[in-house]
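Undergrad:
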Amino acid sequence: MTDKLQEETRERRKATIFVISGDFEKLFAAFSIAIGAAASNMDVKMFFTFWGLRALKKNVRTGESLFARMLGILEGGDINKANPGKYGFFGLGRWMFKKMIKNKKVAGLAELRRLAIELGVEMYSCDTTMEVMEIPKEKLIDEVADTVGVGWLIEQAQQSDFTYSF
Amino acid sequence: MTDKLQEETRERRKATIFVISGDFEKLFAAFSIAIGAAASNMDVKMFFTFWGLRALKKNVRTGESLFARMLGILEGGDINKANPGKYGFFGLGRWMFKKMIKNKKVAGLAELRRLAIELGVEMYSCDTTMEVMEIPKEKLIDEVADTVGVGWLIEQAQQSDFTYSF
Amino acid sequence: MTDKLQEETRERRKATIFVISGDFEKLFAAFSIAIGAAASNMDVKMFFTFWGLRALKKNVRTGESLFARMLGILEGGDINKANPGKYGFFGLGRWMFKKMIKNKKVAGLAELRRLAIELGVEMYSCDTTMEVMEIPKEKLIDEVADTVGVGWLIEQAQQSDFTYSF
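Protein chains in written order, with the numbering used here: chain A, 519 to 684; chain B, 519 to 684; chain C, 519 to 684.
As structure tokens, this is what we get:
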């Protein structure tokens, strides 16, 4: 068997990244680790739940019932609306960090997500969150691989070389 | 040897879930993962520390010294008092999420905890937190398996197929 | 081969601890786990990024550009300035927890960090955070082993028996 074939048949190492936070720095870390792992030829799967789900949302309104609509307004917008976990100050902290990152030519969140997808990182959305928050699949970006539940997550975590949660 | 015996003698896979947060969504995720793992026949242990400890507390007052009593009031109540990490608004966010979850017939935190215990998930409380916050064992729910320290946690983490921290 | 030699040649188990938060309780947990793991003869590496980086900072001003200087003031001071994630109240929560911990003769953060270093836990700082926040290496404590990026982190996580993120 040639080296190339051996390489292809050998099982790739796996990483699972669990994202429950929508904070700027947590998303930044989650995507950075995903990209780093994919770049070192790992099979990387990201699971987005609760506040993390906005990172997969299109820039559209969500929610049908009163509470879901209220939450849809509070958590409006897409990945570009992610505030840092401290010093939010009505969007001032977000604006500041975006400027600082741009000044240093570091990639922003939308760019990191795009890069992760290009490198083959698979994005999964949490079915319970989508149901409770009334965010249907068509309001998420088209690149989402599938909508899954906790059973899927356990299976991935068992097979993973490492898991990170943010 | 029969298949059944083989099944019984084979060692079960293990998961450790570390809970330092008392936020509604983090507890929801922690218990959901615990339940999912237990349902797939894993041996699951949950360790509660700091803000997470309220998830194991009875609905009683705690604290003897001034500061511990103040904290006992601020962190009063039991698992049902868990606020979401965002939009707390003096309990409004908690009330809203409870309604949304109930409307979708999704289980609440107290129900998830009960289900986890029924499935054999073991709950452990952090000794240092209990000492510093002055929360004695009798103020925790009777189902708590033991009060343990960091040495115990390291041992569990080493043996686990995966660990999650919330 | 003697027992001692066998001990020395056997590979030590590894743990990686990822610290993105600067919250008092998260740092307390991170250092406690690091110390516990090192005490049980594991090879422990801690990686500090974003808000976590202050835990490695000397008590000095940082930042050259306007935004970085502003952040340097907001996030001023060193590990002793870590606020709890709840009930910060302009430093009141921090003061309260320090008192409570001292009253119970539990070690504070600076003491935990010192103990971790003495036990051989290695501390690493995130290169991207340092660049964006304009915190040069000389503003970090001398015990920092190296400044590293995400590639390093992936490698460590792959080799680790367990990883924790705070």
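For each residue, glycine too, the CB sits at the ideal point set by N, CA and C.
Looking at C-beta atoms only, is the number of pairs between the stretch 619 to 629 of chain A and the stretch 652 to 672 of chain A that lie closer than 8 Å three or more?
TA: In short, these stretches do not touch, since the Cβ pair count stays below three.
Undergrad: In the DSSP output, which residue or residues are listed as bridge partners for C:Asp561?
TA: Translated into positions along the third sequence, residue 561 of chain C becomes position 43. Partner(s): C:Lys532.
Undergrad: Leaving out the 5 sequence neighbours to the left and right, which residues in its chain are closer than 8 Å to B:Val662 when beta-carbon positions are compared?
TA: To locate residue 662 of chain B, count along the second sequence from 1; it is residue 144. Contacts found: Leu574, Met641, Tyr642, Ser643, Lys655.
Undergrad: Name the residues in the stretch 543 to 568 of chain B whose C-beta lies less than 9 Å from a C-beta of chain C; which are they?
TA: The residues in question are Thr567, Phe568.
Undergrad: Candidates B:Asp660, B:Gly667, B:Met564: which alpha carbon is nearest B:Glu649's?
TA: Within the second sequence, numbered from 1, the residue matching residue 649 of chain B stands at position 131. When each option's Cα is compared against that of B:Glu649, the closest is B:Gly667.
Undergrad: Report all residues from its chain with a CB closer than 8 Å to the CB of A:Lys616; omit the five preceding and five following residues, and keep chain order.
TA: In the first sequence, counting from the first residue as 1, residue 616 of chain A sits at position 98. Within the same chain, A:Lys616 has close Cβ partners Gly626.
Undergrad: Between the beta-carbon of B:Gln674 and the beta-carbon of B:Lys563, is there less than 8 Å?
TA: Along the second sequence, read from residue 1 onward, the residue named residue 674 of chain B stands at position 156. Along the second sequence, read from residue 1 onward, the residue named residue 563 of chain B stands at position 45. It is a contact, given that the beta carbons lie within the stated cut-off.
Undergrad: Our contact map puts B:Pro602 next to B:Phe536 with C-beta atoms below 8 Å; I'd like the distance itself, whole angstroms only.
TA: The residue labelled residue 602 of chain B in the question sits at position 84 within the second sequence. The residue labelled residue 536 of chain B in the question sits at position 18 within the second sequence. In fact, because the Cβ distance is near 20 Å, the residues do not count as touching under 8 Å.
Undergrad: Roughly how many whole angstroms lie between the Cα atoms of A:Phe684 and B:Leu584?
TA: Counting from 1 along the first sequence, the entry for residue 684 of chain A is found at position 166. Counting from 1 along the second sequence, the entry for residue 584 of chain B is found at position 66. Looking at the two C-alpha atoms, the distance is approximately 35 Å.
Undergrad: Could you tell me the distance, in whole angstroms, from the CA atom of A:Asp645 to the CA atom of A:Phe568?
TA: Along the first sequence, read from residue 1 onward, the residue named residue 645 of chain A stands at position 127. Along the first sequence, read from residue 1 onward, the residue named residue 568 of chain A stands at position 50. For A:Asp645 and A:Phe568, the distance between alpha carbons rounds to 10 Å.
Undergrad: Using the DSSP secondary-structure output, state which residues sit across from B:Met641 in a beta bridge.
TA: Counting from 1 along the second sequence, the entry for residue 641 of chain B is found at position 123. The partner list for B:Met641 (beta bridge, DSSP) reads B:Met564.
Undergrad: Need the endpoints of the beta strand (DSSP E) that A:Phe680 sits in, please.
TA: Translated into positions along the first sequence, residue 680 of chain A becomes position 162. Element bounds for A:Phe680: 680 to 683.
Undergrad: If we ignore side chains and look at the alpha-carbon of each, how far apart do B:Thr606 and B:Met614 end up?
TA: Position 88 of the second sequence holds residue 606 of chain B. Position 96 of the second sequence holds residue 614 of chain B. The amino acid occupying residue 606 of chain B in the given sequence is Gly; Thr does not appear at that position. Cα to Cα, B:Gly606 sits roughly 10 Å from B:Met614.
Undergrad: From which residue to which residue does the alpha helix (DSSP H) around B:Val668 run?
TA: Within the second sequence, the letter at position 150 stands for residue 668 of chain B. Start and end: 668 to 677.
Undergrad: What residues in the stretch 595 to 609 of chain C bring their beta carbon closer than 8 Å to a beta carbon of chain B?
TA: So the list reads Gly603, Lys604, Tyr605, given in the order they occur along the chain.
Undergrad: Can you give me the Cβ contacts of B:Ile553 inside the same chain, cut-off strictly under 8 Å, excluding the 5 residues immediately before and after it?
TA: Translated into the one-based positions of the second sequence, residue 553 of chain B becomes position 35. The answer, listed in chain order, is Leu630, Leu633, Ala634, Leu637, Val639.
Undergrad: Interface residues of chain B around A:Ser683 at Cβ under 8 Å?
TA: Residue 683 of chain A sits at position 165 when you count from the first residue of the first sequence. The answer, in chain order, is Tyr682, Ser683, Phe684.
Undergrad: Would a check of beta-carbon distances place B:Ile619 closer than 8 Å to chain A?
TA: Reading the second sequence from its first residue, position 101 is the one you call residue 619 of chain B. At least one chain A Cβ lies under 8 Å of B:Ile619.
Undergrad: Which bits of chain C does A:Arg531 rub up against, with CB to CB less than 8 Å?
TA: Counting from one through the first sequence, the residue named residue 531 of chain A turns up at place 13. Result: Gln676.
Undergrad: So C:Leu503 and C:Gly581 are supposed to be a Cβ contact under 8 Å. How far apart are they, rounded?
TA: This structure gives no information on residue 503 of chain C, because the portion of chain C shown stretches from 519 to 684.
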